[in-house]
Amino acid sequence: RVVAVIMVGGPTKGTRFRPLSLNIPKPLFPLAGQPMVHHPISACKRIPNLAQIYLIGFYEEREFTLYVSSISNELRVPVRYLREDKPHGSAGGLYNFRDRIMEDNPSHIFLLNCDVCCSFPLPDMLEAHKRYGGMGTILVIKVSAESANQFGELVADPITNELLHYTEKPETFVSDRINCGVYVFSPDIFSAIQDVSIQRSDRANLRRVSSFEALQPANKTLPTDFVRLDQDILSPLAGKKLLYTYETLDFWEQIKTPGMSLKCSALYLSQFRYSSPDVLASGDGTKSATIIGDVYIHPSAKVHATAKIGPNVSISANAHIGAGARLISCIILDDVEIKENAVVIHAIVGWKSSIGKWSRVQGQGDYTAKLGITILGEAVTVEDEVVVINCIVLPNKTLNMSVQEEIIL
Ligand code: GDD
Numbered sequence: 001r002v003v004a005v006i007m008v009g010g011p012t013k014g015t016r017f018r019p020l021s022l023n024i025p026k027p028l029f030p031l032a033g034q035p036m037v038h039h040p041i042s043a044c045k046r047i048p049n050l051a052q053i054y055l056i057g058f059y060e061e062r063e064f065t066l067y068v069s070s071i072s073n074e075l076r077v078p079v080r081y082l083r084e085d086k087p088h089g090s091a092g093g094l095y096n097f098r099d100r101i102m103e104d105n106p107s108h109i110f111l112l113n114c115d116v117c118c119s120f121p122l123p124d125m126l127e128a129h130k131r132y133g134g135m136g137t138i139l140v141i142k143v144s145a146e147s148a149n150q151f152g153e154l155v156a157d158p159i160t161n162e163l164l165h166y167t168e169k170p171e172t173f174v175s176d177r178i179n180c181g182v183y184v185f186s187p188d189i190f191s192a193i194q195d196v197s198i199q200r201s202d203r204a205n206l207r208r209v210s211s212f213e214a215l216q217p218a219n220k221t222l223p224t225d226f227v228r229l230d231q232d233i234l235s236p237l238a239g240k241k242l243l244y245t246y247e248t249l250d251f252w253e254q255i256k257t258p259g260m261s262l263k264c265s266a267l268y269l270s271q272f273r274y275s276s277p278d279v280l281a282s283g284d285g286t287k288s289a290t291i292i293g294d295v296y297i298h299p300s301a302k303v304h305a306t307a308k309i310g311p312n313v314s315i316s317a318n319a320h321i322g323a324g325a326r327l328i329s330c331i332i333l334d335d336v337e338i339k340e341n342a343v344v345i346h347a348i349v350g351w352k353s354s355i356g357k358w359s360r361v362q363g364q365g366d367y368t369a370k371l372g373i374t375i376l377g378e379a380v381t382v383e384d385e386v387v388v389i390n391c392i393v394l395p396n397k398t399l400n401m402s403v404q405e406e407i408i409l
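Spelled out as structure tokens, the structure:
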């Protein structure tokens, strides 16, 4: 049997996702019309003999109650949210719930970061992991040498795929192969995490009785039950024939900023084109709007027949898109109203916002730049004939004149 664990973090993480994470836990922010965490969860469904999916985080329990019950029913796999009383780190969080995770007596445990977007080739990883016979297998991808330092960089043996060297976000270039934040482990991972905790408390004791302190300054402030998977487990265990790598040639992105959520929404929409085309808007029928490329429209949204939508547009529940509106590359959240002839391009429009007639809300479409897409927080009103270009607008603002390149607080 196999158990999957998705690390969802908590409210003190995901700060780069503001202002969108002010309203909703980042893992529940919709990409291609589905909560971010829905994508790894539905990928887990393809794992043979999957017994359980756990989400581990330190958000309030009630934030996930509704979602986990609806997704459990939809996928017919039990999905539970386990709440940490405080952050224990990516490995410490897993260890904290070891008894619960081992209840199903799993032979393998998948561990997934919730803020990565990829095709999650989990069954193939599991097969590779069984062949390697190690304690863990890490999904890796080749990225550009310039971007590698934002991730864990690693070196693997080209023949055996053994992980030989691992450094988390190094200052000087090590390798263009990086850690995708998707792992499969054997239950021995729990002893490896426990060893780190024990070593740390031994060191803390030693410090108390000696002047040993200077030898371990970096770990001084970390509590014994706070264990990071990357620095504390992967780095020291590299080159010991315990960890192996599985390289994906498919797409992979990390979702830390609203701009990246727009890019990842496009990736998931284009994946739907192959995996579940019926989820996408077809634009068939004389009463339907003109649809271009991959578009998701929630069944409760109302889109006027003369609107033109796409590519890469997701429209959430109860949104209302008026006559002649033009939407390209955007995420329209619940209860938004876009009035006649308004244009929205490279933008995220927050819950209950309203965009006036003949207005224009636009970003330049650079997903990685700070003001590369325009973001309207919750309940922002853009009045008629107002142009908003490359801006971030915090919740509850009314814009009655045009703005460009501004953060409106
Ligand atoms: N439950 C829980 N508790 N989750 C946590 C905690 C914690 O204390 N700390 C982090 N997480 C979750 C985050 O929500 C995220 O899904 C995942 O664990 C990793 O977060 P970080 O530890 O902040 O690392 P990162 O995202 O900057 O980088 C990691 O992922 C990259 C791939 O996206 C590293 O493993 C990199 O090496 C890797 O390239």
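Residue numbers (the working numbering): 1 to 409. Beta carbons: idealized from backbone N, C-alpha and C, even for Gly.
> For the region 329-336 against the region 296-315, are there 3 or more C-beta pairs whose distance is under 8 Å?
Replying inline: yes
>> From the DSSP secondary-structure annotation, give me the bridge partner or partners of Gly57.
In response: Gly9, Arg83
> Quick one: what's Pro40 bridged to in DSSP?
Replying inline: For Pro40, which the question treats as bridged, DSSP gives no partner whatsoever.
> Using the rule of at least 16 other Cβ atoms within 10 Å of the residue's Cβ for burial, across every protein chain shown, is Lys302 buried or exposed?
Replying inline: exposed
>> Residues in the same chain with beta-carbon distance under 8 Å from Phe173, minus the five sequence neighbours each way, listed in chain order, please.
In response: Ala145, Ala148, Asn149, Glu153
> Are the beta-carbon atoms of Leu234 and Leu222 separated by less than 8 Å?
Replying inline: no
>> Can you check which of these residues, Phe64, Lys308, Cys180, is closest to Thr248 by C-alpha distance?
In response: Cys180
>> Between Cys114, Lys86, Lys256, which has its C-alpha nearest Lys370's C-alpha?
In response: Lys256
>> Determine whether the beta carbon atoms of Tyr268 and Leu280 lie at a separation below 8 Å.
In response: no
> Within the chosen definition, does the region 64-80 reach the region 89-97 through at least 3 CB pairs nearer than 8 Å?
Replying inline: no
>> So if DSSP puts Phe35 in a beta bridge, which residue, or which two residues, is it bridged to?
In response: It should be pointed out that residue 35 corresponds to Pro in this sequence rather than to Phe. Answer by DSSP bridge pairing, in chain order: Pro30.
>> Could you pull the DSSP bridge partners for Thr245 from this structure?
In response: Ile138
> Who are the near neighbours of Asn219 in its chain, counting only those whose CB is closer than 8 Å to its CB and skipping five residues on each side?
Replying inline: Bear in mind that a pLDDT of 49 at Asn219, under 50, signals an unreliable position, so the model cannot answer this.
> Is the beta carbon of His304 less than 8 Å from the beta carbon of Ile321?
Replying inline: yes
>> With H, G and I counted as helix, E and B as strand and the rest as coil, what does DSSP make of His129?
In response: helix
>> Given this structure, state the Cα-to-Cα distance separating Asp410 from Gly134, to the nearest angstrom.
In response: Since the first residue shown for the chain is 1 and the last is 409, residue 410 is missing from the structure and cannot be characterised.
>> Let's see if you can read the secondary structure: which residues bound the alpha helix (DSSP H) around Cys264?
In response: 258-275
> Mind checking whether Ala289 and Ala307 have CB atoms under 8 Å apart?
Replying inline: yes
> Distance, Cα to Cα, Ala347 vs Leu399?
Replying inline: 16 Å
> What three-state label does DSSP hand Asn219 in the structure shown?
Replying inline: Because the pLDDT at Asn219 is just 49, under 50, the model does not fix this residue reliably, and the value given afterwards should be weighed accordingly. Note: Asn219 maps to helix in three-state DSSP.
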